[in-house]
Structures are given as C-alpha cells and as structure tokens.
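Read the structure below first, then the notes.
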Amino acid sequence: MSLRDRTYRAYLCSLSAPTLARFKDLHRTIRNKLDTAKNAYIADRLDPASSPADYWRTLQGVCVASHGTPSPLRFFAPDQLCQYYASVSSASPALDVGAVAAALAPLLDQPDPASFSFRHVTSRDVEAAMTRRRSSSCGSDGVSARVLRLASPALYNHLVFPSEWKYASIVALFKVPSPATPSDTRPISLLPEMSKVLERLAHAQLSDFLEQRNLLDARQHGFRTGHSTQTALLELTEAVRNAVEKSKVTHLVSFDLSKAFDTIYHGLLVVKLRRIGCGDLALRRFTSYLCDKRMSVQRADGTLTQSCAATSEVPQGSVLGPLLFAETTCAPSFTTVITSSTPITRKSTRTISRTVFWNSLLQSIPTLSRLLLGRLAVASNSTQAKRRCNYSTASPF
Numbered sequence: 001m002s003l004r005d006r007t008y009r010a011y012l013c014s015l016s017a018p019t020l021a022r023f024k025d026l027h028r029t030i031r032n033k034l035d036t037a038k039n040a041y042i043a044d045r046l047d048p049a050s051s052p053a054d055y056w057r058t059l060q061g062v063c064v065a066s067h068g069t070p071s072p073l074r075f076f077a078p079d080q081l082c083q084y085y086a087s088v089s090s091a092s093p094a095l096d097v098g099a100v101a102a103a104l105a106p107l108l109d110q111p112d113p114a115s116f117s118f119r120h121v122t123s124r125d126v127e128a129a130m131t132r133r134r135s136s137s138c139g140s141d142g143v144s145a146r147v148l149r150l151a152s153p154a155l156y157n158h159l160v161f162p163s164e165w166k167y168a169s170i171v172a173l174f175k176v177p178s179p180a181t182p183s184d185t186r187p188i189s190l191l192p193e194m195s196k197v198l199e200r201l202a203h204a205q206l207s208d209f210l211e212q213r214n215l216l217d218a219r220q221h222g223f224r225t226g227h228s229t230q231t232a233l234l235e236l237t238e239a240v241r242n243a244v245e246k247s248k249v250t251h252l253v254s255f256d257l258s259k260a261f262d263t264i265y266h267g268l269l270v271v272k273l274r275r276i277g278c279g280d281l282a283l284r285r286f287t288s289y290l291c292d293k294r295m296s297v298q299r300a301d302g303t304l305t306q307s308c309a310a311t312s313e314v315p316q317g318s319v320l321g322p323l324l325f326a327e328t329t330c331a332p333s334f335t336t337v338i339t340s341s342t343p344i345t346r347k348s349t350r351t352i353s354r355t356v357f358w359n360s361l362l363q364s365i366p367t368l369s370r371l372l373l374g375r376l377a378v379a380s381n382s383t384q385a386k387r388r389c390n391y392s393t394a395s396p397f
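Put into structure tokens, the structure is as follows:
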C-alpha cells in the first residue's frame, strides 16, 4: 500500500502516463488481495455456523447482510411503547403464590412416580451453558456473555431466581414497514446474560424430562430440538399427498395466537407444570422465575424508560420462555380437541387438517368447523391471546 501511495504522489508530480499505469496496476493488485483476504475471513467465520440463524448472524456481524429496518422509536415515544407492552403483558393478574398453593394442594397429595426435580449443577454444566451462548450482545445489566465465562460456576443451588435477573430491557422491532400503532411493533427482551445461563440449565433438564416421557405432542414442531417449520410443512405435505392418492379432500384450518408470549396466565402455567410431574422444589423455582417481572424500553441513546410490571408473559428473548409457552398451549389437552384430525403446531400457529372423500365434503365442513372453532377457546384458555383463523381445502382435482 505504501508503494501504491508513493507511486500516486509521483504521478501527481510528473503527470506521466507510465507512472499512472504503474499506479493502476498496484491499485488493482491491492484490491484483489483485499477481496481475497475478506472472502477468506468471512468463510472462516461461517465455517462454525450450524444453522441458518448462525449464518445470518455471522453475516450481519461482518457487515455483509442488512441489519434490518429503522427503529420504531422514530414513530413512537419510548414511554408510550413501554406502557403498551406492559398493558399487553398484564392481561392476567399477578401470580398469587397463596392462590397457586391452594390450587396445587389436591395435586401435591397425589403420588407421581415420574416427578420432575432439578438436578445438582456442576461447574462443567455451567461452563457448557456459557459456551453455547454465541451472542456478543450485552443484557440489561451491561454484562456480556464473554465476561460471564470467567464468572463463578456456583449458580443453581438456590430456590430463588434473583430479582435483578427478572428485569428486561426492551428493544422494539417493526412488524410492518409503516407502523400506525404500538401493536405494529414487537418487543424483544434483552435479559441479563447470567439469567440466560441459568435458564439454559433449567431448559436442558425440563426439556429432557418432557421428551423422555413423551409429554409434548409428537406433532408439535415449534421449540423442539430436531423440529422446525420445515418439518411441520413436510408432515403436512405428506398428509395431503397421501389423501390425494386415496382421492380424498383435505380440510385445513390454521389459526394464529396474537400476542401469544405476552398473555400467558402464570397461575395456570404453574398448575400445568405440576400436572406433568414437577415436584415441589421445581415448582417453587418456576414460581420464583415468573413472579415480579419488570420491563423498560431502551431509548435511542441507550437510556431506559421508567420500568413497568409484567404479570402475564414469558419474555421473547428468554431461553426458558418458549418451552414454557409450548407446554402451556401445545399440551396434549389441545390436540385432543378433535381426535379424527391431524394437529400440527409450529410456534404460535396451529394447523389442523382432516381428510374426507369428495362426496362427503359439504357434509363434513360444518362438522369440522363446529368441533374445532366451538372448542378452540376452551382448548387455549391458558392465554388471553386473540385468535385469527383461516380455512382452506386441498383436493385431488
């Protein structure tokens, strides 16, 4: 580069054509070497990526992919967003420990051979949980995951979830290009990195318990290891294909739970955790995790608004939240709404299909609608979310 710069200065003094040609050759060579080095660096960063999300995160980190749309703070005041998010996340009353204990009393007297309780966590477990945290962002406490890898491993020997770890710093994102109301934005919770380490440890143990005892429906594809939207579409496509080969028609009803993560009723969640086999100590930990959550919206300059309480949410951005959401809204109690249909669950969207012969199509539509939509509110009573339904039919003709 220094030779290129000297050649350029020499050309400015002499204005000779050979010097200019020499400068262009040097400039072209340097550009080629820089491009080669950049491509090699990006390829080296992409090699460890194991999923599409890791690829896009890496590309954004090296400034190759777009970082998304502007902040909704251009349209709404931070305090306005904070109050709106808090109102949505307080659809149900705060978790009353006494009322939950009374509701659990009959269940606690029933022996359960498959009782779930948290195992002792070793320093190796903590180190592994920290290693899996690939994000370089800081939580609401300003501490990054990289710093926490050097922290003490003695984390999970208490029954109380620290109150400082329940404080979420909210970053607002767009749902639509031009938002008209705060409901057109999505809150993403930035939680303390140490809380995510603790949540990851709890998530691993609870997830193993649910999978080993088949407590999650086999047709649920959201928030499960080895499952995704792609596997849900493959299962649905295969069901339609099999129906077409038998000259049958496939009814399809899909419905989405609006504000699903923000409207979970904590009291019912704790009761459901007991019903699947959580022991007393595990319930105390989950209750401590759900109580006394607060949130603030992050302003453009990095400061935070005044905090507001959140009494009915599992934070978007948490590690344990999606699994608790799945257990609350996707349990077998929902999939038994209609036993002759095929329910498929992916995140906050439910899809239920049913196959009939063509000559029974008109007679089956009212039956399907009555069975599904008539019991939908009962089957999803664990959330105050609004429901949007779509109906479609796939035929072999």
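Residue numbers for the sequence shown, in full-length UniProt numbering: 1 to 397.
Virtual Cβ for every residue (Gly too), placed ideally from N, Cα, C.
In this text, all values refer to a predicted model and were calculated from it rather than measured experimentally.
### Message
Whole angstroms are fine: how far does the CA of L81 sit from the CA of L12?
### Response
The straight-line gap from Cα to Cα measures roughly 57 Å.
### Range of the contiguous alpha helix (DSSP H) that encloses P78
P78 to V88
### Query
Does the Cβ of V62 have 16 or more other Cβ atoms within 10 Å, making it buried, or fewer, making it exposed?
exposed
### Message
Less than 6 Å between C-beta atoms, sequence neighbours within five positions excluded: which residues of the same chain meet that for D184?
### Response
K175 and V176
### Within 8 Å, strictly: CB atoms of I188 and V297
no
### Nearest residue (CA-CA) to R45, options A10, K33, L215 and Q60
Q60
### Task
Below 8 Å on the Cβ atoms is my guess for L323 versus S207; work out the distance and round it to an integer in Å.
6 Å
### Query
Can you name the residues that DSSP bridges to residue 400?
In the structure displayed, the chain extends from 1 to 397; residue 400 sits before or after that span and is not available.
### Query
With distances taken from CA atoms, which of T36, R285 and N214 is nearest V198?
Strictly speaking, residue 198 in this sequence is Leu, with Val absent from that position. Considering only T36, R285 and N214, the residue with the shortest C-alpha distance to L198 is R285.
#### Entry: Buried or exposed (CB count within 10 angstroms, at least 16 for buried), L236
It is buried - the Cβ of L236 has at least 16 other Cβ atoms within 10 Å.
### Message
Let me check understanding here. Comparing Cα to Cα, which of F76, A243 and R213 lies closest to G277?
### Response
The candidate whose alpha carbon is nearest that of G277 is R213.
### Message
Using the Cβ count rule (16 or more neighbours within 10 Å means buried), how would you classify T339?
### Response
With a pLDDT of 37 at T339, under the threshold of 50, the predicted position of this residue should be treated as unreliable, and no value is reported.
#### Entry: First and last residue of the uninterrupted beta strand (DSSP E) at A309
C308 to A310
### Message
To test your reading of the DSSP string, which unbroken alpha helix (DSSP H) runs of 4 or more residues are found completely within the stretch 236-305?
### Response
DSSP assignment within the stretch 236-305 yields the following whole alpha helix (DSSP H) runs of 4 residues or more, N-terminal first: 266-275 and 280-290.
### Task
State buried or exposed for residue 421, treating a residue as buried only when at least 16 other CB atoms are found within 10 Å of its CB.
There is simply no residue 421 to check, as the chain begins at 1 and stops at 397 in what is shown.
### Query
Where do the N-terminal and C-terminal ends of the alpha helix (DSSP H) with P93 fall, by residue?
If you look at P93, you'll find it isn't in any alpha helix (DSSP H); DSSP assigns it neither H nor E.
### Query
CB A310 to CB K293, shorter than 8 Å?
yes
### Query
Exposed or buried, L250, counting other C-beta atoms within 10 Å across all chains shown (16 or more means buried)?
With the sequence shown as reference, residue 250 is identified as Thr, and Leu is not the correct amino acid for it. Buried, by the Cβ-count rule.
### Query
So what's residue 407 in DSSP terms, helix, strand or just coil?
Outside the modelled stretch of the chain, which goes from 1 to 397, sits residue 407, for which no answer is possible.
### Task
Closer than 7 Å by C-beta to residue 404: which residues in its own chain qualify, once you throw out the five before and the five after it? Chain order, please.
Since the first and last residues shown for the chain are 1 and 397, residue 404 lies out of range.
### Message
For L3 and S50, what's the separation of their Cα atoms in angstroms?
### Response
42 Å
### Query
Roughly how far, in whole angstroms, is the beta-carbon of S115 from the beta-carbon of G279, given that I think they are within contact range, below 8 Å?
5 Å
### Cβ separation of A326 and Q230, assumed to be a contact under 8 Å, to the nearest whole Å
With a Cβ gap of about 18 Å, A326 and Q230 do not count as contacting.
### Query
Taking the alpha-carbon positions, what's the R124 to G317 distance?
25 Å
### Message
Less than 8 Å between the beta carbons of A86 and T263, yes or no?
### Response
no
### Query
What does DSSP give as the partner residues of I188 in its beta bridges?
V171
### Query
CB-CB under 7 Å to F261, same chain, minus the five flanking residues each way: which ones, in chain order?
E313, V314, Q316, G321 and F325
### Query
What do you get for L95, buried or exposed, if any count of 16 or more other CB atoms within 10 angstroms of its CB means buried?
buried
### Query
T19 by DSSP, collapsed to three states: which one?
Of the three classes helix, strand and coil, the one that applies to T19 here is helix, per DSSP.
### Limits of the alpha helix (DSSP H) - the one that A10 falls within
S2 to S14
### Query
What's the gap between the Cα of T36 and the Cα of W56?
21 Å
#### Entry: Burial state of A218 (16 or more Cβ within 10 Å)
exposed
#### Entry: Nearest-angstrom Cα separation, counted from L216 out to T335
Confidence in T335 is poor, its pLDDT being 41 and thus under 50, which makes the residue's placement unreliable; the coordinate value appears in the next sentence. Near 10 Å, if we compare the C-alpha coordinates of L216 and T335.
### Task
Quick one: give me the first and last residue of the alpha helix (DSSP H) that F118 is part of.
From DSSP, F118 is part of no alpha helix (DSSP H); its letter is neither H nor E.
### Task
Please name the residue in M1, A40 and K259 whose C-alpha comes closest to that of D25.
M1
### Query
Does DSSP classify Q220 as helix, strand or coil?
strand
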